[in-house]
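Engineer: First residue of the sequence shown? That's 1 in the UniProt record's numbering, and the numbers climb one at a time after it. Where is the CB? At the ideal position from N, CA and C, for every residue including glycine. The structure displayed is predicted, hence computed values, not measured ones.
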Amino acid sequence: MLYQDFYKKSIKYPEQFWKEQAQQLDWYKQPNTILSKDQHDYFQWFEDGQLNLSYLCIDKHIKDGYGNQNAIIYDSPVTNTKQHITYNQLHKEVSKLAGGLLSLGLKKGDTCIIYMPMIPQALYAMLACVRIGVIHSVVFGGFAPHELAIRIDDCKPKAVITASNGIEIQRIIPYKPYVDDAIAQAKNKPEHVIVFDRDQEVDIPKKSYDVDYKTLVETSLAVDAVPLPATHPSYILYTSGTTGKPKGIIRDTGGYATALKFSMKNVYGVNEDDVYWAASDVGWVVGHSFIVYGPLLNRNTTILFEGKPIKTPDASTFWRVISEHNVKVMFTAPTAIRAIKKEDPEGQMIKNYDLSCLKYQFLAGERCDVATLTWTQEKLQVPVIDHWWQTESGWPMLANMVGVQLQEVRPGSASFPVSGYDIQILNEEGHEVEAGVEGYVAAKLPLPPGTLMNLWGNTERFKSGYLNKFPGYYFSGDGGYKDEDGYIFITGRVDDIINVAGHRLSTAEMEEIVASHKSVAECAVFGVHCDIKGQKPLGLVVLKSDNTNDNDTIQNEIIKDVRHEIGAVASFKDVLVVNRLPKTRSGKILRKLLRNIADEQQYNIPSTIDDVTIIDEIKTIYQTHHIGIH
1 MLYQDFYKKS
11 IKYPEQFWKE
21 QAQQLDWYKQ
31 PNTILSKDQH
41 DYFQWFEDGQ
51 LNLSYLCIDK
61 HIKDGYGNQN
71 AIIYDSPVTN
81 TKQHITYNQL
91 HKEVSKLAGG
101 LLSLGLKKGD
111 TCIIYMPMIP
121 QALYAMLACV
131 RIGVIHSVVF
141 GGFAPHELAI
151 RIDDCKPKAV
161 ITASNGIEIQ
171 RIIPYKPYVD
181 DAIAQAKNKP
191 EHVIVFDRDQ
201 EVDIPKKSYD
211 VDYKTLVETS
221 LAVDAVPLPA
231 THPSYILYTS
241 GTTGKPKGII
251 RDTGGYATAL
261 KFSMKNVYGV
271 NEDDVYWAAS
281 DVGWVVGHSF
291 IVYGPLLNRN
301 TTILFEGKPI
311 KTPDASTFWR
321 VISEHNVKVM
331 FTAPTAIRAI
341 KKEDPEGQMI
351 KNYDLSCLKY
361 QFLAGERCDV
371 ATLTWTQEKL
381 QVPVIDHWWQ
391 TESGWPMLAN
401 MVGVQLQEVR
411 PGSASFPVSG
421 YDIQILNEEG
431 HEVEAGVEGY
441 VAAKLPLPPG
451 TLMNLWGNTE
461 RFKSGYLNKF
471 PGYYFSGDGG
481 YKDEDGYIFI
491 TGRVDDIINV
501 AGHRLSTAEM
511 EEIVASHKSV
521 AECAVFGVHC
531 DIKGQKPLGL
541 VVLKSDNTND
551 NDTIQNEIIK
561 DVRHEIGAVA
571 SFKDVLVVNR
581 LPKTRSGKIL
591 RKLLRNIADE
601 QQYNIPSTID
611 DVTIIDEIKT
621 IYQTHHIGIH
């Protein structure tokens, strides 16, 4: 069945469509009620079904005779470690850790925070929690104690599972001291902190609430997976909110399992036995859905990578992992590709590896500029698929569904809506706009299975943030447009649209032009205050390491390019060269922070920032060039 027919069936007959998809799973109790509403009058899926994520990710495959297949390949260039973990080995570790959690008094409905580096024990902890109905909340390892304390107070965990330390390039991150500091700050006090000692010869401060991870697993009895309602929360995942207070996205169990199984096959085009690699972190939604649950549900071998795209040891790391482990489909953020491209502009290092195993390269997490997409296609010689989704959705909303029908890749576009998502471009009044006209990206309710159920402890914020702006729709917070063929282009958060003397202009469009300059490795364009025009665009650029042109020449060429492509109306006159851009740990450029600093507004430094020292660098550059002096 080709994409259009397949997609239309999901929109016209959603209950029938998702009932068929749910039948791909091994339920303890098959659902009869496919779509219903909860006590808050919001849609939910498979209300009367029962299943267990841990069982589906592990036990099911062993029962089917695949216990000796590799479930996880752990590849850690920062510790020079590689480990192949079969489904049988995964079962032993997870079932005993689950037994250990029960022995500590954790039970169905309790919460547990997981604060771990990218090591197998992070996955064991997630799978052990869902095995017994404990709701986990993975907090990105290395978050500052204050931010961890905020999350402890919000979800009130009975236990925290952590490690002695994390390992970054040339530095150790002291996880256990961070946890102790966070608990000291928090009003809510977890009963236990389960500590995995990485044997890195770091000092681990001892507290009365400490439990040794290895001893707990060794001395505990293995336990079976517990049947859970499809609507039971599997996890809470915090995402940044505009108020500064993190939003705890709640994910269900049955809808999520159905959506992930569906997406592995139909979006990513992987079959059982294939090796799949999402180069992300379990602290982000990509890690939840496509390092842990999606690949394991689909009986794939998932790559768990502890390293960076560059400097562990160099820009060839990704290609080495793909070649060595026979990766069929890989997924990363455009930022990672740009980092590699900056270090190896001609892609010479790619030639050292046999990448014939790679069938598709997926990109997501931020808008992918045409220059990055084109470079990746040219160097890898495989389809490069830019797709779009959110923490809230849990799985892709826009994609070229290669498992159904590989369609033309249109650079700059995340292609078409994924099955189940009725995505429309709306104007301020909530009416659909014509092709080519920019508007608000929204999805008609009900959303398909696997998307957010609610916000933890804050239904009103859930409704005000996502449902109230356009009644009957989920509002994504992004702007975009459809072209004449139905391809959807995401132009960025709605506050990335700037108003220059009454003209609504997309900074993403300008960024596209800036990124295409031959000397630019990566860039950010955003609106800053202008006394005369209201706003004007400002561009920050990081240059390629092999650049030989002087900065003035590059700046003048970029300004000329934007003027040529968009016109004088853009008032694009300011380009600053910087050594690096502030980003989240998942690789997203913090454009709003850059804008607020330039406008001399009060700002909170996001907890997700990769390196806080860059803020002073940016301030100095702004002052030198009189940015923000009106």
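Have a look at C57, R563, F196, I291 and flag the residue whose alpha-carbon is nearest the alpha-carbon of V179.
Structural biologist: Along the sequence shown, one-based indexing puts residue 179 at 179. Closest by alpha carbon: F196.
Engineer: Compare the Cα-Cα distances from D281 to each of S323, R585, L593, I350 and report the closest residue.
Structural biologist: Reading the sequence shown from its first residue, position 281 is the one you call residue 281. When each option's Cα is compared against that of D281, the closest is R585.
Engineer: Pick out whichever of L380, V270, D574 has its Cα sitting closest to the Cα of C530.
Structural biologist: One-based indexing of the sequence shown puts residue 530 at position 530. It is D574 whose Cα lies nearest to the Cα of C530.
Engineer: When the Cα of G628 is compared with those of I614, E93, P537, which residue comes out closest?
Structural biologist: Numbered from 1 along the sequence shown, position 628 holds the residue referred to as residue 628. Closest option to G628, Cα to Cα, is P537.
Engineer: Sort out for me which residues DSSP pairs L576 with in a bridge.
Structural biologist: Sequence index remark: in the sequence shown, residue 576 carries index 576 (1-based). According to DSSP, which records beta bridges pairwise, L576 is partnered with L540.
Engineer: What are the uninterrupted segments assigned as alpha helix (DSSP H) that are 4 or more residues long and contained completely in the stretch 418-479, given in chain order?
Structural biologist: 459-462
Engineer: CB-CB under 7 Å to D59, same chain, minus the five flanking residues each way: which ones, in chain order?
Structural biologist: Position 59 of the sequence shown, counted from the first residue, corresponds to residue 59. So the list reads H91, A225, once near-sequence residues are dropped.
Engineer: Please list, in chain order, all residues of the same chain as I337 whose beta carbon is under 6 Å from its beta carbon, the five residues on each side excluded.
Structural biologist: Position 337 of the sequence shown, counting from 1, holds the residue named residue 337. Within the same chain, I337 has close Cβ partners T372, T376.
Engineer: With DSSP as the reference, label E343 as helix, strand or coil.
Structural biologist: Against the sequence shown, residue 343 aligns to sequence position 343. The answer is helix: DSSP assigns E343 an H, G or I state.
Engineer: Who are the Cβ neighbours of Y124 in its own chain at under 7 Å, not counting the five residues just before and after it?
Structural biologist: Reading the sequence shown from its first residue, position 124 is the one you call residue 124. Apart from the 5 residues on each side of it in sequence, Y124 sits with its Cβ closer than 7 Å to the Cβ of E93, V94, L97 in its chain, given in chain order.
Engineer: Would you say V542 and E522 are within 8 Å of each other, going by their C-beta atoms?
Structural biologist: Translated into the one-based positions of the sequence shown, residue 542 becomes position 542. Translated into the one-based positions of the sequence shown, residue 522 becomes position 522. Yes; because the gap between Cβ atoms is below 8 Å, this pair is in contact.
Engineer: From G403, L505, T312, N454, pick the residue whose C-alpha is nearest to that of I169; which is it?
Structural biologist: For the purposes of this step, residue 169 is identified with residue 169 of the sequence shown, where counting begins at 1. Here the closest residue by C-alpha is T312.
Engineer: Starting from D212 and walking both ways along the beta strand (DSSP E), at which residues does that stretch end?
Structural biologist: The residue you call residue 212 lines up with position 212 of the sequence shown. Annotation: the continuous beta strand (DSSP E) that includes D212 extends over 210-212.
Engineer: Less than 6 Å between C-beta atoms, sequence neighbours within five positions excluded: which residues of the same chain meet that for K108?
Structural biologist: Within the sequence shown, residue 108 is the residue found at index 108, counting from 1. Only G133 meet the Cβ criterion.
Engineer: From Q50 to Q83, what does the alpha carbon distance come to, in whole angstroms?
Structural biologist: Mapped onto the sequence shown, residue 50 falls at position 50. Mapped onto the sequence shown, residue 83 falls at position 83. Their Cα atoms are separated by approximately 34 Å.
Engineer: To the nearest angstrom, how far is the alpha carbon of A501 from that of V528?
Structural biologist: The residue you call residue 501 lines up with position 501 of the sequence shown. The residue you call residue 528 lines up with position 528 of the sequence shown. Their Cα atoms are separated by approximately 13 Å.
Engineer: Could you check what DSSP says for P582 in three-state terms: helix, strand or coil?
Structural biologist: To locate residue 582, count along the sequence shown from 1; it is residue 582. P582: coil per DSSP, three-state reduction.
Engineer: Whole angstroms is fine: what's the gap from N579's alpha carbon to T507's?
Structural biologist: Locating residue 579 in the sequence shown gives position 579, counting from the first residue. Locating residue 507 in the sequence shown gives position 507, counting from the first residue. Rounded to whole angstroms, N579 to T507 spans 21 Å at the Cα level.
Engineer: Can you name, in chain order, every residue of its own chain whose Cβ lies under 7 Å from the Cβ of K189, other than the five neighbours on each side?
Structural biologist: In the sequence shown, residue 189 corresponds to position 189, counting from 1. For K189, where only same-chain residues beyond five positions count, the Cβ hits under 7 Å are I183.
Engineer: When DSSP labels each residue in this structure, what does R563 get in the three-state scheme?
Structural biologist: Against the sequence shown, residue 563 aligns to sequence position 563. It is helical.
Engineer: On the criterion of 16 or more Cβ atoms from any shown chain inside 10 Å, does V437 qualify as buried, or is it exposed?
Structural biologist: Numbered from its first residue, the sequence shown carries residue 437 at position 437. It counts as exposed.
Engineer: Rounded to a whole number of angstroms, what is the C-alpha to C-alpha distance between P334 and G477?
Structural biologist: For the purposes of this step, residue 334 is taken as residue 334 along the sequence shown, with counting starting at 1. For the purposes of this step, residue 477 is taken as residue 477 along the sequence shown, with counting starting at 1. For P334 and G477, the distance between alpha carbons rounds to 20 Å.
Engineer: Can the beta-carbon of I236 be found less than 8 Å from the beta-carbon of G255?
Structural biologist: Numbered from 1 along the sequence shown, position 236 holds the residue referred to as residue 236. Numbered from 1 along the sequence shown, position 255 holds the residue referred to as residue 255. No, the Cβ-Cβ distance between I236 and G255 is not below 8 Å.
Engineer: Just the Cα atoms here: how many angstroms apart are K342 and F462?
Structural biologist: Along the sequence shown, one-based indexing puts residue 342 at 342. Along the sequence shown, one-based indexing puts residue 462 at 462. Rounded to whole angstroms, K342 to F462 spans 40 Å at the Cα level.
Engineer: Within 10 angstroms of its Cβ, does H630 collect 16 or more other Cβ (buried), or is it exposed?
Structural biologist: For the purposes of this step, residue 630 is identified with residue 630 of the sequence shown, where counting begins at 1. A caution first: H630 carries a pLDDT of 48, below 50, which makes its placement in the model unreliable, though a value can still be read off. H630 should be labelled exposed.
Engineer: Below 6 Å CB to CB, which residues in the same chain sit around V211 once its five sequence neighbours on both sides are set aside?
Structural biologist: For the purposes of this step, residue 211 is identified with residue 211 of the sequence shown, where counting begins at 1. For V211, where only same-chain residues beyond five positions count, the Cβ hits under 6 Å are H192, I194.
Engineer: Answer yes or no: do L56 and L25 have a C-beta to C-beta separation smaller than 8 Å?
Structural biologist: For the purposes of this step, residue 56 is taken as residue 56 along the sequence shown, with counting starting at 1. For the purposes of this step, residue 25 is taken as residue 25 along the sequence shown, with counting starting at 1. Result yes, Cβ atoms of L56 and L25 sit closer than 8 Å.
Engineer: Can you tell which of A159, Y293, E460, V321 has the C-alpha that lies nearest to the C-alpha of A279?
Structural biologist: Translated into the one-based positions of the sequence shown, residue 279 becomes position 279. Checked all of A159, Y293, E460, V321; the closest Cα to A279 is V321.
Engineer: From which residue to which residue does the alpha helix (DSSP H) around E378 run?
Structural biologist: Taking the first residue of the sequence shown as 1, we reach residue 378 at position 378. Its alpha helix (DSSP H) spans residues 370-380.
Engineer: Using a 10 Å radius around the Cβ and a threshold of 16 neighbouring Cβ atoms, would you call S415 buried or exposed?
Structural biologist: Locating residue 415 in the sequence shown gives position 415, where the first residue counts as 1. The residue in question, S415, is buried, as its Cβ has 16 or more Cβ neighbours within 10 Å.
Engineer: Is R171 buried or exposed, if buried means 16 or more other CB atoms sit within 10 Å of its CB?
Structural biologist: Here the question's residue 171 lines up with position 171 in the sequence shown. Classification for R171: exposed.
Engineer: DSSP three-state call for E366: helix, strand or coil?
Structural biologist: Against the sequence shown, residue 366 aligns to sequence position 366. Correct three-state label for E366: coil.
Engineer: Is the beta carbon of I161 sitting closer than 8 Å to the one on M116?
Structural biologist: Position 161 of the sequence shown holds residue 161. Position 116 of the sequence shown holds residue 116. For I161 and M116, yes; Cβs fall inside 8 Å.
Engineer: Between I340 and I310, how many whole angstroms is the CB-CB distance? I'm expecting something under 8 Å.
Structural biologist: Here the question's residue 340 lines up with position 340 in the sequence shown. Here the question's residue 310 lines up with position 310 in the sequence shown. About 6 Å separates the two Cβ atoms, so the contact holds.
Engineer: Flag this pair as yes or no: are the beta carbons of V577 and N549 separated by less than 8 Å?
Structural biologist: What you label residue 577 is simply residue 577 of the sequence shown in a count that begins at 1. What you label residue 549 is simply residue 549 of the sequence shown in a count that begins at 1. Taking C-beta atoms as the reference points, V577 and N549 fail to come closer than 8 Å.
Engineer: For the alpha helix (DSSP H) containing T624, list its first residue and its last residue.
Structural biologist: By 1-based counting over the sequence shown, the position of residue 624 is 624. That run of the alpha helix (DSSP H) goes 614-624.
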